[in-house]
Amino acid sequence: MFEAILEQVEKPGQYLGNEWGAIRKDFSSSKCRLVLAFPDIYELGMSNFGLKILYQVVNKIPEYMVDRTYAPARDMEAILRKNNLPLFAWESREPVADFELVGFSLQYELTYTNVLNLLELAGLSLFSIEREKERLFPLVFGGGPSAINPEPMAQFLDFFMIGDGESAVPSAMKVIEEAKAVLEGVEFDSETRMYLRRRLLYKLASEVPGIYVPALYAVSEDEPVARPIEGEALADYLGVDRTDLELDRLLTLPAELKPAPPRVFRQVSPLNSDNQPTRSLVPYLSLVHDREVLEVRRGCDRGCRFCQPGYSFLPVRERSAEDILELSKKALANSGHEEYSMLSLCV
């Protein structure tokens, strides 16, 4: 059926997946599965460097799987809706809703409506509070430049990763893997599922630096910062007193229940060979930035008052000239590109 659909759309090459450089893993045997979602069309999303980094970094871990999805063009979206077909992942062709984690790249606010559209196409409820009543997985999160202010999307996403994701994403997948191993094969009702999902989010917020779970904080227009819920409110949210549901047998909480971190600190990763893709995905059609990309510097020390990235991406990290030369040679040799751009806020 998929081949028949491709005959009806413009630029079918954008939906083929498995490009040169793609990493294929077995869906059923992977211990934790993440689909990275870019809320815009393939030609834009494939040019995004952040997704390329996470795709490479996490797929290096043998037991974890990372796939991709993008916003379908209008003709493809119409066909998916008409035939009641769910949004799929590019490599595995599995429905996005069947992954444990769905991570949205929040590059700028104008794509937020596309995030909601992709959730709907995937067959997932838009609001986090609705999804917790329906299913344990996937957990839906956001990261990227716009995640520095998560509140506009707080009702829709289960959690946010603040700052660089190279270490936070694998750490979050480890927490999911451990919980999944305990819960796999266990049947539970919708109420138990809701509390288990909440406890899993609590574990992520407590154990993984850089994760902000909106449901664990109280936001008031009268205060400049969100305050973590605590005491009885936190206990009620996590179902501490619901002994009838046997929650502790499935997903235990610490003996001393502490609130989520009062401050969620932005994560900072060093620039090294691990987070510079040298075997990039080579698409079947032209992209907006159809060339190899080399990140030479992250952060900016010029301090322009109007520039949000100049403050949110500090401290400045730079690659050495020797590393730049070596990495660029590998990237060009592996991709077939004839040029590359040096990526930085300022060079």
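Residue 152 in the working numbering is what sits at position 69 of the sequence shown, and the numbering runs on without skipping anything. We treat Cβ as the ideally placed atom computed from N, Cα and C, and that holds for glycine. Remember, it's a predicted structure, so these values are computed and weren't measured experimentally.
- The beta strand (DSSP E) runs of length 3 or more contained entirely in the segment 92-169 are, from start to end of the chain, 115-121 and 147-153.
- Annotated as proximal: residue 296 and residue 285, with beta-carbon spacing under 9 Å.
- A residue is called buried when at least 16 other Cβ atoms come within 10 angstroms of its Cβ; residue 184 meets this threshold and is buried.
- From the listed residues 362, 293 and 336, the smallest Cα separation to residue 345 is found for 293.
- In this structure, the beta-carbon distance from residue 338 to residue 289 does not fall below 9 Å.
- By the beta-carbon neighbour count (other beta carbons within 10 angstroms, threshold 16), residue 154 is buried.
- Just so you know, the alpha carbons of residue 234 and residue 416 end up roughly 43 Å apart.
- Between the alpha carbons of residue 240 and residue 404 lies a gap of roughly 40 Å.
- The continuous beta strand (DSSP E) containing residue 188 extends over residues 184-188.
- In the three-state reduction of the DSSP assignment, residue 285 falls in the helix class.
- Looking at the DSSP output, residue 424 bridges to 376.
- With 16 or more other Cβ atoms inside 10 Å of its own Cβ, residue 174 counts as buried.
- Under the criterion of beta carbons closer than 8 Å, residue 135 and residue 369 do not qualify as touching, at roughly 17 Å.
- Judged by beta-carbon spacing, residue 396 lies beyond the 9 Å limit of residue 386, meaning their Cβ atoms are not closer than that value.
- Taking a cut-off of 8 Å on C-beta distances, the segment 103-116 touches the segment 142-150, as three or more cross pairs fall below it.
- Looking at the backbone, the Cα of residue 208 and that of residue 222 are separated by about 12 Å.
- For the alpha helix (DSSP H) assignment, the uninterrupted runs of no fewer than 4 residues enclosed by the segment 278-323 are, from N- to C-terminal side, 314-321.
- In terms of Cβ geometry, residue 226 and residue 128 do not form a close pair [threshold 9 Å].
- With contacts defined by Cβ atoms closer than 9 Å, residue 283 and residue 186 do not form a contacting pair.
- Look at residue 333 here: in three-state DSSP terms it is helix.
- Within the segment 364-412, the complete alpha helix (DSSP H) runs of at least 4 residues fall at 392-395.
- In this structure, 272 is the residue among 372, 302, 272 and 349 with its C-alpha nearest to the C-alpha of residue 327.
- Taking each of 243, 162, 171 and 277 in turn and checking the Cα distance to residue 348, the smallest one comes out for 243.
- CA-CA distance, residue 218 to residue 325, rounds to 19 Å.
- Restricting attention to 177, 176, 141 and 298, the CA atom closest to the CA of residue 214 is found in 298.
- Taking a cut-off of 8 Å for Cβ pairs, the segment 187-198 and the segment 249-269 do not touch, as fewer than three such pairs fall below it.
- Minimum Cα-Cα distance from residue 176 among the listed residues 246, 190 and 99 corresponds to 99.
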